[in-house]
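In what follows, a single structure is set out as structure tokens and then discussed.
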Amino acid sequence: MNQVAASSFAGLTGLTVVSFESRLAGAMSDLISRQGGTALSAPAVQEISLAENRDALEFARELLAGRIDLVVLLTGVGIRTLLTVIEGAYPRAEILAALSRIPTIVRGLKSQMVLRELGVPIMLAVPDPNTWREILSAIDDAAIPLQDRRVAVQEYGRSNPELVAGLAARGASVMQVSVYRWALPEDCGPLRRAIKAIIERQVDLVFFTTAVQVDHLLQIAAKEGLEESLRAGLRDTVVASIGPTCSDALREHGLVVDLEPEYPKMGYLVQTAARHAHVLCRIKRARAVRRAVCGAREEPGTATLLEESPFLKACRLEPTPYTPIWIMRQAGRYMLEYREIRGKLSFLELCHRPDLAAEVTVTAAQRLGVDAAIIFGDILLVMQPMGIGLEFT
2 MNQVAASSFA
12 GLTGLTVVSF
22 ESRLAGAMSD
32 LISRQGGTAL
42 SAPAVQEISL
52 AENRDALEFA
62 RELLAGRIDL
72 VVLLTGVGIR
82 TLLTVIEGAY
92 PRAEILAALS
102 RIPTIVRGLK
112 SQMVLRELGV
122 PIMLAVPDPN
132 TWREILSAID
142 DAAIPLQDRR
152 VAVQEYGRSN
162 PELVAGLAAR
172 GASVMQVSVY
182 RWALPEDCGP
192 LRRAIKAIIE
202 RQVDLVFFTT
212 AVQVDHLLQI
222 AAKEGLEESL
232 RAGLRDTVVA
242 SIGPTCSDAL
252 REHGLVVDLE
262 PEYPKMGYLV
272 QTAARHAHVL
282 CRIKRARAVR
292 RAVCGAREEP
302 GTATLLEESP
312 FLKACRLEPT
322 PYTPIWIMRQ
332 AGRYMLEYRE
342 IRGKLSFLEL
352 CHRPDLAAEV
362 TVTAAQRLGV
372 DAAIIFGDIL
382 LVMQPMGIGL
392 EFT
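Residue numbers (the numbering used here): 2 to 394.
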């Protein structure tokens, strides 16, 4: 049993990890290396500030004229960039004073820190994971009236149509303020090499930290005529997303998210991956072998089932409506089906028959109406067919 337990503490040792992070690429590579992994840094984006930003200047004019009723600020970097652009045309003190006179909603700790540093009061701070859903829920919970109010939303490179639509549905007139945009990196060489490595199955995990990384990765692959090959490679690779917004983007593109941390931070992403990577990699490899040998294909709807299963959500540390695991001792021992099989075979013989081992294990979970039954005495049923060296006494 020590052999099994040890794999849980292996971190990222022996695994190759592609990171698409740009601004904090070095820090991400360091985090991966500390967990024993080999980091392949492939920055997928660069931030381009919009120096002559009409949206920002229009926002400043409307704000100073008193025609903005509420502002939603989404990123700390975006707030600083917005002020930098506006300062070229209007006094900084006047802008900060005008912001202080209207309700301000912020998303994320970095946005809060920037506003506190600037001395601008915060009316509402949106809790983690602070996606558009949490922003709208927080507004509803705080009973903030939006009907016939003009709301300015500071965007962060990628428009958020769900947030805009949600605000509009609540009666707001929405002003979208883009302060910078994402572009492909000047040097796409590392990104192309990462695509090649994924296609050639030389990568164990990929880390996505922003939604736009997904867009750019597929854009480059399509340009090279490699999109389908990349998608096939990603099916055999553990896909880790930093948080819900990024996960939504992956799913929009038809990619399955294998892992997401409890908190949308780089450190939590790497720590969560270190805890679960080896198990997830083994599962991915087994599926790849099955497809190669048997030509097995996932049936339509399988991806949805995998995403929505409460048990698998719990395995990925995602929120579930209830605790989806019932632990009990030898849950299926009393069942007629189990007793009939055991009457013909010894316990070890049963364990060496993968078909029967799977049958008696899964039947217990199905009959009891639970998502999984971890059967104390029957752990051997799963371990023996996998070839793990255990003894039964």
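For glycine and all other residues, C-beta sits at the position ideal for the given N, C-alpha and C.
> With C-beta atoms as the reference, is V207 less than 7 Å away from A198?
Replying inline: The residue labelled residue 207 in the question sits at position 206 within the sequence shown. The residue labelled residue 198 in the question sits at position 197 within the sequence shown. Contact: no.
> What do you reckon, are the CB atoms on G172 and L147 nearer than 7 Å?
Replying inline: Residue mapping note: residue 172 aligns to position 171 of the sequence shown, counting from 1. Residue mapping note: residue 147 aligns to position 146 of the sequence shown, counting from 1. Yes, the pair counts as a contact, with Cβ atoms nearer than the cut-off.
> Going by the CB atoms, is the gap between A153 and I96 shorter than 7 Å?
Replying inline: If you number the sequence shown from 1, residue 96 lands on position 95. If you number the sequence shown from 1, residue 153 lands on position 152. No, the Cβ-Cβ distance between I96 and A153 is not below 7 Å.
>> Taking the beta carbon of I284 as the centre, do at least 16 other beta carbons fall within 10 Å, making it buried, or is it exposed?
In response: The residue given as residue 284 occupies position 283 in the sequence shown. Answer is exposed; the Cβ neighbour count stays below 16.
>> With the cut-off set at 7 Å, would you say L235 and L219 are in Cβ contact?
In response: One-based indexing of the sequence shown puts residue 235 at position 234. One-based indexing of the sequence shown puts residue 219 at position 218. Here L235 is not near L219, since their CB atoms are 7 Å or more apart.
> Which whole runs of the beta strand (DSSP E) in the segment 114 to 202 are 3 residues long or more, in chain order?
Replying inline: List check, beta strand (DSSP E) in window: 125 to 127, 151 to 158, 174 to 184.
>> What does DSSP give as the partner residue(s) for E253 in the beta ladder?
In response: Locating residue 253 in the sequence shown gives position 252, counting from the first residue. DSSP output for E253 lists no bridge partner at all.
>> Which residue marks the beginning of the alpha helix (DSSP H) containing S30, and which one marks its end?
In response: For the purposes of this step, residue 30 is taken as residue 29 along the sequence shown, with counting starting at 1. Per DSSP, the continuous alpha helix (DSSP H) segment holding S30 begins and ends at 26 to 35.
>> Distance check for F348 and I221, CA to CA, integer angstroms please.
In response: Residue numbering aside, residue 221 sits at position 220 when the sequence shown is read from its first letter. Residue numbering aside, residue 348 sits at position 347 when the sequence shown is read from its first letter. Rounded to the nearest angstrom, the two C-alpha atoms are 54 Å apart.
> Skipping 5 residues on each side, what residues in its chain have a beta carbon closer than 6 Å to that of G15?
Replying inline: Translated into the one-based positions of the sequence shown, residue 15 becomes position 14. Correct list: empty, nothing qualifies.
>> For Q113, which residues in the same chain have their Cβ closer than 7 Å to its Cβ, ignoring the five residues on either side in sequence?
In response: Locating residue 113 in the sequence shown gives position 112, where the first residue counts as 1. Within the same chain, and ignoring the five residues on either side of Q113 in sequence, the residues whose Cβ sits closer than 7 Å to its Cβ are V107, I123, A126.
> Thinking C-beta only, is A250 closer than 7 Å to A212?
Replying inline: Indexing the sequence shown from 1 puts residue 212 at position 211. Indexing the sequence shown from 1 puts residue 250 at position 249. Yes, they are a contact pair.
> So, helix, strand or coil for T39, using DSSP?
Replying inline: Along the sequence shown, one-based indexing puts residue 39 at 38. Correct three-state label for T39: strand.
>> Quick check on A293: buried or exposed, where buried means 16 or more other Cβ atoms within 10 Å of its Cβ?
In response: Taking the sequence shown and counting its residues from 1, the one referred to as residue 293 is at position 292. Per the 10 Å Cβ criterion, exposed.
>> I need the straight-line Cα distance from P191 to G268, nearest angstrom please.
In response: Within the sequence shown, numbered from 1, the residue matching residue 191 stands at position 190. Within the sequence shown, numbered from 1, the residue matching residue 268 stands at position 267. In a straight line, the C-alpha of P191 is about 23 Å away from that of G268.
>> Short of 7 Å in beta carbon distance, which residues of its chain neighbour Q214, apart from the five on each side in sequence? Order them along the chain.
In response: Along the sequence shown, one-based indexing puts residue 214 at 213. Cβ neighbours of Q214 beyond the five flanking positions: F21, A45, V46.
>> In the DSSP assignment, the alpha helix (DSSP H) including F312 goes from what residue to what residue?
In response: Within the sequence shown, the letter at position 311 stands for residue 312. Here the alpha helix (DSSP H) through F312 covers 311 to 316.
> Less than 7 Å separating the beta-carbons of Q155 and G79?
Replying inline: Taking the sequence shown and counting its residues from 1, the one referred to as residue 155 is at position 154. Taking the sequence shown and counting its residues from 1, the one referred to as residue 79 is at position 78. Yes, these two residues count as a Cβ contact at 7 Å.
>> Given this structure, state the Cα-to-Cα distance separating G344 from R354, to the nearest angstrom.
In response: Looking up residue 344 in the sequence shown gives position 343. Looking up residue 354 in the sequence shown gives position 353. Cα to Cα, the separation comes out at about 15 Å.
> Below 7 Å between beta carbons: does that hold for R252 and I49?
Replying inline: Here residue 252 is taken as the residue at index 251 of the sequence shown, counted from 1. Here residue 49 is taken as the residue at index 48 of the sequence shown, counted from 1. Contact flag unset, no.
> Under the rule that 16 or more other beta-carbon atoms within 10 Å means buried, what is I92, buried or exposed?
Replying inline: Within the sequence shown, residue 92 is the residue found at index 91, counting from 1. What sits at residue 92 in the sequence shown is Pro, not Ile. Exposed, because fewer than 16 other Cβ atoms sit within 10 Å of the Cβ of P92.
>> Can you give me the C-alpha to C-alpha distance between A61 and R117, rounded to a whole angstrom?
In response: Stepping through the sequence shown from its first residue, residue 61 is reached at position 60. Stepping through the sequence shown from its first residue, residue 117 is reached at position 116. A61 and R117: Cα-Cα distance of roughly 20 Å.
> Would you report the Cα separation of L185 and H279, rounded to the nearest angstrom?
Replying inline: Walking along the sequence shown from the start, residue 185 turns up at place 184. Walking along the sequence shown from the start, residue 279 turns up at place 278. The straight-line gap from Cα to Cα measures roughly 32 Å.
>> In whole angstroms, give me the CA-to-CA distance for I136 and L83.
In response: For the purposes of this step, residue 136 is identified with residue 135 of the sequence shown, where counting begins at 1. For the purposes of this step, residue 83 is identified with residue 82 of the sequence shown, where counting begins at 1. Looking at the two C-alpha atoms, the distance is approximately 21 Å.
> How would you label K149, buried or exposed, when you count the other beta carbons within 10 angstroms and need 16 or more for buried?
Replying inline: As a position in the sequence shown, residue 149 is number 148, starting the count at 1. Inspection of the sequence shows that residue 149 is occupied by Asp rather than by Lys. With fewer than 16 other Cβ atoms within 10 Å, it is exposed.
> Based on Cα-Cα distance, which residue from T246, F209, A195, M29 lies nearest to E225?
Replying inline: In the sequence shown, residue 225 corresponds to position 224, counting from 1. Measuring from the Cα of E225, the nearest candidate turns out to be A195.
>> Let me confirm a value: L110 is counted as buried when at least 16 other C-beta atoms fall within 10 Å, else exposed. Which label applies?
In response: On the sequence shown, position 109 is the one that residue 110 refers to. Exposed.
>> Check whether chain E comes within 7 Å of H254, counting only Cβ atoms and requiring the distance to be less than that.
In response: The chain inventory of the structure shown lacks chain E, comprising one protein chain alone.
> Are there 16 or more other CB atoms within 10 angstroms of the CB of P128, so buried, or fewer, so exposed?
Replying inline: Here residue 128 corresponds to residue number 127 of the sequence shown, with the count starting at 1. Looking at its Cβ environment, which holds fewer than 16 other Cβ atoms inside 10 Å, P128 is exposed.
> Does DSSP put M329 in a helix, a strand or coil?
Replying inline: Looking up residue 329 in the sequence shown gives position 328. Here M329 scores only 48 on pLDDT, less than 50, and its place in the model should not be relied on; the value that follows carries that caveat. Looking at M329 - three-state DSSP - the assignment turns out to be strand.
>> Which residue marks the beginning of the beta strand (DSSP E) containing S20, and which one marks its end?
In response: Taking the sequence shown and counting its residues from 1, the one referred to as residue 20 is at position 19. Per DSSP, S20 belongs to the beta strand (DSSP E) from 17 to 20.
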